[in-house]
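So the sequence shown is residues 0 to 293, counted in numbering that gives the first Met the number 0.
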Amino acid sequence: MIDIILGGSSAQVLTIKVGRLLKTPVLLPEIKRFPDGEKYVRITEDISGKTVAFIQSFHHQPDDFLMEYFLIVDTLKDLGAKKVLGVVPYFAYARQDERFKPGEAISFKIVTKLIEEVGTDEIYTIDTHLHRVEKLSEIFHIPAHNLTAVPLLAKYVKKNFKLTDPIVIGPDEEAEQWAKVAAKELEAEYDVLEKERLGPSEVRIKTREVDVKNRDVVIVDDIISTGGTMVEAIKMLKEHGAKNIIATCTHPILVKNALTKIYQAGALAVIGTDTVPSSVSFVSVASVIAEALR
Ligand code: R5P
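Below you can see the structure in the form of structure tokens.
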């Protein structure tokens with residue numbers, strides 16, 4: 000039973016929504032910045048002996064929000080919280096899950112280590128980018144739950160678009176896990192494309208036969224960051240005769256002009272969730288979090 004839900008500065012609206020669904024008190028800690036750039040946090044209520052869920056999403060300023068996470072969770076434990084459940088809707092650094100070049104930091108491993116070190120008792124994430132690390136339990140030593148928002152995204156598409164002979168497409172092989180779930184919800188087929196990453200914002204989608212001619216396509220991915228993946232996937236699908244293309248993702252990071260590029264490539268719509276607050280966050284993950292914490 001959760002006694003109190005705390006919202007970090009990256010996820011305050013989401014925290015309030017979760018609090019309402021669970022009928023649990025919400026606390027927004029005092030967070031300020033010193034003139035030299037250091038962060039200051041203060042827990043303004045007595046949380047001693049209480050089970051606290053702390054929601055903090057590591058989007059856009061991952062280092063900033065991570066630091067806040069460390070300061071808050073350590074303080075909660077220091078003030079006598081019975082249990083701290085960390086809820087991280089968007090888990091940054093998961094893509095650097097390996098030493099690709101000699102000397103690189105394995106960031107995913109380091110971040111998880113620090114999250115445990117400050118006293119997190121249990122962790123909840125949503126559609127974390129799991130690739131070479133296949134399960135959170137391989138990297139965390141505390142109970143770790145990777146929830147999914149994909150059924151909600153698919154339901155949103157089903158409700159708001161009249162699809163003709165739909166097919167769900169994952170833009171790369173890793174996206175099969177999400178394409179499969181969306182396809183089930185939409186009662187449609189799915190397929191995945193083959194992607195080669197050329198650089199941080201450049202990808203190549205290999206051309207191959209995909210059965211999309213005159214069909215509406217729902218692309219499903221975990222993250223839209225620079226939009227490079229979606230743009231290349233849309234171009235390839237259009238060349239193969241796809242009709243309407245709806246680009247969906249759990250985490251609409253949308254750096255710089257990613258959204259414009261995706262629309263320019265020919266997307267009918269772009270749909271994301273509020274793990275990352277954005278202009279396309281039409282789907283709220285509040286119910287997914289509330290259900291998991293209940
Ligand atoms: C990587 O494999 C992920 O699943 C996404 O496809 C990727 O992060 C999207 O990034 P971008 O929008 O920069 O292509």
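Heads up, the beta-carbon is just placed ideally off N, CA and C, and yes, glycines get one too.
Taking DSSP's pairing of strands, which residues face residue i in a bridge?
i: residue 143; result: 122
i: residue 220; result: 248
i: residue 112; result: Answer is none; residue 112 lacks a bridge partner.
i: residue 278; result: None; residue 278 has no bridge partner.
Give me the Cα-Cα distance between residue i and residue j, rounded to the nearest whole angstrom.
i: residue 46; j: residue 7; result: 16 Å
i: residue 248; j: residue 3; result: 30 Å
i: residue 141; j: residue 225; result: 32 Å
i: residue 25; j: residue 215; result: 42 Å
i: residue 166; j: residue 235; result: 15 Å
i: residue 67; j: residue 135; result: 22 Å
i: residue 180; j: residue 174; result: 10 Å
i: residue 124; j: residue 260; result: 28 Å
i: residue 204; j: residue 231; result: 6 Å
i: residue 43; j: residue 86; result: 20 Å
i: residue 105; j: residue 96; result: 6 Å
i: residue 57; j: residue 9; result: 7 Å
i: residue 75; j: residue 285; result: 23 Å
i: residue 111; j: residue 131; result: 15 Å
i: residue 240; j: residue 287; result: 35 Å
i: residue 11; j: residue 208; result: 45 Å
i: residue 292; j: residue 89; result: 17 Å
i: residue 290; j: residue 82; result: 18 Å
i: residue 200; j: residue 22; result: 42 Å
i: residue 297; j: residue 161; result: Absent from the structure is residue 297, since the part of the chain shown begins at 0 and ends at 293.
Under a three-way DSSP split, which group does residue i fall into?
i: residue 259; result: helix
i: residue 270; result: strand
i: residue 233; result: helix
i: residue 83; result: strand
i: residue 20; result: helix
i: residue 362; result: Residue 362 lies beyond the stretch modelled for the chain, which goes from 0 to 293, so this question has no answer here.
i: residue 6; result: strand
i: residue 96; result: coil
i: residue 107; result: helix
i: residue 68; result: helix
i: residue 327; result: Past the edges of the chain, shown from 0 to 293, lies residue 327, and the structure says nothing about it.
i: residue 254; result: coil
i: residue 225; result: coil
i: residue 138; result: coil
i: residue 286; result: helix
i: residue 73; result: helix
Should residue i be counted as a contact of the ligand R5P given a C-beta to heavy atom distance under 7 Å?
i: residue 171; result: yes
i: residue 79; result: no
i: residue 221; result: yes
i: residue 229; result: yes
i: residue 200; result: yes
i: residue 148; result: no
i: residue 239; result: no
i: residue 128; result: yes
i: residue 187; result: no
i: residue 226; result: yes
i: residue 174; result: yes
Mind pulling the alpha helix (DSSP H) runs of 4 or more residues that sit fully within the segment 153 to 211? At a cut-off of 4 residues, the continuous stretches assigned as alpha helix (DSSP H) that sit fully inside the segment 153 to 211 are 175 to 185.
Scan the segment 23 to 64 and note each continuous beta strand (DSSP E) run of 3 residues or more that stays entirely inside, going in chain order. 29 to 32, 38 to 41, 50 to 54
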